[in-house]
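Trainee: With positions in the sequence shown counted from 1, the corresponding number in this note's numbering is that position plus 113.
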Amino acid sequence: METTVRNKQVILKHYTKGFPEESDLMIVTSPDTMELKVKPGSSAIMVKNLFLSCDPYMGTFMREPDSGSSDSEVAVETLSLLDAFIPGKPIAGVGVSEVIDSDDPSFAKGDFVWGIVDWEEYSTVSSFGRFKIDMSINVPLSYYTGILSVTGLTAYAGFFEICSPKKGETVFVSAAAGAVGQLVGQFAKLMGCYVVGSAGSKQKVDLLLNKFGFDDAFNYKEEPDLNAALKRCLPQGIDIYFENVGGKMLDSVLMNMNVHGRIAVCGMISQYHLETQEGVKNLQVVVYKRIKMQGFLAFDFVDRFSKYLEFVLPCLNERKLVYVEDIVEGLENGPAALVGLFHGQNVGKQVIKIA
Ligand SMILES: NC(=O)c1ccc[n+]([C@@H]2O[C@H](COP(=O)([O-])OP(=O)(O)OC[C@H]3O[C@@H](n4cnc5c(N)ncnc54)[C@H](OP(=O)(O)O)[C@@H]3O)[C@@H](O)[C@H]2O)c1
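(1) Which value, in whole angstroms, describes the spacing of the CA atoms of Glu186 and Phe272?
(2) Going by DSSP, name the residue or residues bridged to Val123.
(3) Give me the residue from Lys130, Phe220, Lys126 with the minimum Cα distance to Glu388.
(4) According to DSSP, is Val160 helix, strand or coil?
(5) Any heavy atom of ligand 1 closer than 7 Å to the beta-carbon of Thr264?
(6) Name the one or two DSSP bridge partners that Met406 has.
(7) Is the stretch 363-372 touching the stretch 401-412, taking contact as three or more C-beta pairs under 8 Å?
(8) Let me confirm a value: Arg375 is counted as buried when at least 16 other C-beta atoms fall within 10 Å, else exposed. Which label applies?
(9) Please list the segments of the alpha helix (DSSP H) lying wholly inside the stretch 328-356, counting only runs of 4 or more residues, in order along the chain.
(10) Over the uninterrupted beta strand (DSSP E) stretch that includes Ala312, give me the two end residues.
(11) At what residue ranges does the stretch 214-276 contain a whole run of the beta strand (DSSP E), taking only runs of 3 or more?
(12) Counting C-beta neighbours from all protein chains within 10 Å, is the total for Phe300 16 or more, i.e. buried, or is it exposed?
(13) Please determine whether the Cβ atom of Val441 lies at a distance below 7 Å from any heavy atom of ligand 3.
(14) For Gln349, which option in Val308, Gln384, Ser314, Glu336 has the closest C-alpha, if you only look at C-alpha atoms?
(15) Pairing CB atoms from the stretch 416-423 with CB atoms from the stretch 441-451, are three or more of them under 8 Å?
(16) Val118 and Tyr235 - do their beta-carbons sit closer together than 8 Å?
(17) Is it buried or exposed for Met248, if we count other Cβ within 10 angstroms and need 16 for buried?
(18) Roughly how many angstroms lie between the CA atoms of Val189 and Gly208, to the nearest whole one?
(19) What's the gap between the Cα of Asn395 and the Cα of Leu163?
(20) Classify Thr129 as helix, strand or coil using the three-state DSSP reduction.
(21) Can you look up Gly461 in the DSSP assignment and give me helix, strand or coil?
(22) Are the Cβ atoms of Gly291 and Phe327 separated by less than 8 Å?
(23) Thinking just about the alpha-carbon of each residue, which of Val378, Glu423, Asp439 is nearest to the one in Phe409?
(24) Going by DSSP in three states, Asp439 sits in which element: helix, strand or coil?
(25) Taking the C-alpha atoms as reference points, what is the distance between Asp214 and Ala221?
(26) Can you tell me whether Pro133 is buried or exposed, with buried defined as 16 or more other CB within 10 angstroms of its CB?
(27) Anyone know if the C-beta pair for Lys245 and Ser210 falls short of 8 Å?
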């Protein structure tokens, strides 16, 4: 292996307004070479990044934190594990990496790890928030950007902890063919629930029905009346809604919730880049129907991570779960993949393979 390299990075050009675009990011190769060695005494780890995760919150982190855009401020403050992106610097997210040098006794050259890394080929990182990957588990390394890391924990905690599902209940999942949604739907099927999902294309609806085992599904872009679509697919009403999109879908779901229903508010991607938030008109049914509606962050549940792995690994092993990834190759294709999330381009978990 080479001992010096020029590092390729994905840099935020400037703070964004509205929907992030590919042109808000640029690929830069450092003019100077860097040594693939950590400084002795630094306790640092040098890694070669292999896979990067694309996540919707990253679009929010591209905006100026004090720009008056309430959701970007709140998102950055709350996700205190991460810093807002800074123009001129690389963006960052969950990544899977190989340790190539270490001054930290708990990590050795040749270990594989996952955690937050800058979007670049090589990073010097600390052990904080860095998880060693057990290579005896026979799964693709890319799974540690998603099902075996934050995405998986999000689906698990949101569904089991917030929604308290019971066998036979009806579950509706929006953005159901995405990273989190595909898992929630399958977890709900494993619980013995009746599961319906919405997604934004025919291909995704087919996936929900024929690969993930949803009982019913619809393409929300082709439904002139979401309320009618929900009534058609869930005539018995909705006991559990796993909310990924917000906006009109939430309003329609509220009208179809059953008494004592639960709504896990995981995300509201339809609202993240709007200049003016759409607002919710039917919130009063939360009172009449005694609905529990709770927002959550995966980070609230880090203490459940090993319990989650004990649940999910046998499911994967016994093929009770399928997991679809949308892997693009090359760091230079990262910006398009990231902004594609906001236009529904990804089918399954969006991952970038960089080495
Ligand atoms: N609370 C947490 O800790 C946490 C952690 C991870 C993710 N999240 C949230 O969970 C949700 C799903 O995230 P993910 O990582 O699984 O992403 P994802 O579903 O894999 O990708 C995003 C998907 O959102 C859908 N979408 C985009 N714009 C939309 C719009 N205007 N209206 C309706 N759907 C739209 C698109 O699918 P279609 O083709 O179906 O439109 C797109 O493929 C997001 O809201 C995210 O912010 C929360």
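All residues carry an ideal CB built from backbone N, CA and C; glycine is no exception.
Keep in mind the model is a prediction, meaning the values are calculated, not measured.
Mentor: This is what the structure gives:
(1) Working through the sequence shown from its first residue, we reach residue 186 at position 73. Working through the sequence shown from its first residue, we reach residue 272 at position 159. For Glu186, the pLDDT reaches just 47, beneath the cut-off of 50, and the residue's location in the model is therefore unreliable, although a value from the coordinates is still provided. Rounded to the nearest angstrom, the two C-alpha atoms are 26 Å apart.
(2) Locating residue 123 in the sequence shown gives position 10, counting from the first residue. Partner(s): Ile140.
(3) Locating residue 388 in the sequence shown gives position 275, where the first residue counts as 1. The option with the nearest alpha carbon to Glu388 is Lys130.
(4) Indexing the sequence shown from 1 puts residue 160 at position 47. Looking at Val160 - three-state DSSP - the assignment turns out to be strand.
(5) In the sequence shown, residue 264 corresponds to position 151, counting from 1. Yes, the Cβ of Thr264 comes within 7 Å of a heavy atom of ligand 1.
(6) Start at 1 with the first residue of the sequence shown, and residue 406 comes out as number 293. DSSP, once it has assigned bridges, lists Ile376 as partnering Met406.
(7) yes
(8) As a working note, residue 375 is residue 262 in the sequence shown. Arg375 should be labelled buried.
(9) 339-346
(10) Sequence index remark: in the sequence shown, residue 312 carries index 199 (1-based). Its beta strand (DSSP E) spans residues 307-312.
(11) 225-231, 235-238
(12) The count along the sequence shown starts at 1 and reaches residue 300 at position 187. The residue in question, Phe300, is buried, as its Cβ has 16 or more Cβ neighbours within 10 Å.
(13) Of the ligands this structure carries, namely ligand 1, none is ligand 3.
(14) Within the sequence shown, residue 349 is the residue found at index 236, counting from 1. Ranking the options by Cα distance to Gln349, first place goes to Val308.
(15) no
(16) Working through the sequence shown from its first residue, we reach residue 235 at position 122. Working through the sequence shown from its first residue, we reach residue 118 at position 5. Their beta carbons are under 8 Å apart, which means Tyr235 touches Val118 by this criterion.
(17) Position 135 of the sequence shown holds residue 248. With fewer than 16 other Cβ atoms within 10 Å, it is exposed.
(18) Numbered from 1 along the sequence shown, position 76 holds the residue referred to as residue 189. Numbered from 1 along the sequence shown, position 95 holds the residue referred to as residue 208. Confidence is the limiting factor: at Val189 the pLDDT is only 48, short of 50, which leaves the residue's position unreliable and the question unanswerable from this model.
(19) As a working mapping, residue 395 is identified with position 282 in the sequence shown. As a working mapping, residue 163 is identified with position 50 in the sequence shown. The straight-line gap from Cα to Cα measures roughly 45 Å.
(20) Numbered from 1 along the sequence shown, position 16 holds the residue referred to as residue 129. In this structure, Thr129 counts as coil in the three-state DSSP scheme.
(21) Against the sequence shown, residue 461 aligns to sequence position 348. Three-state DSSP puts Gly461 in coil, outside helix and strand.
(22) Start at 1 with the first residue of the sequence shown, and residue 291 comes out as number 178. Start at 1 with the first residue of the sequence shown, and residue 327 comes out as number 214. Their beta carbons are not under 8 Å apart, which means Gly291 does not touch Phe327 by this criterion.
(23) The sequence position of residue 409 within the sequence shown is 296, counting from 1. The shortest C-alpha separation from Phe409 is found at Val378.
(24) Numbered from 1 along the sequence shown, position 326 holds the residue referred to as residue 439. The answer is strand: DSSP assigns Asp439 an E or B state.
(25) Here residue 214 refers to the residue found at position 101 of the sequence shown. Here residue 221 refers to the residue found at position 108 of the sequence shown. For Asp214 and Ala221, the distance between alpha carbons rounds to 7 Å.
(26) Walking along the sequence shown from the start, residue 133 turns up at place 20. Buried, since its Cβ has 16 or more Cβ neighbours within 10 Å.
(27) The count along the sequence shown starts at 1 and reaches residue 245 at position 132. The count along the sequence shown starts at 1 and reaches residue 210 at position 97. No.
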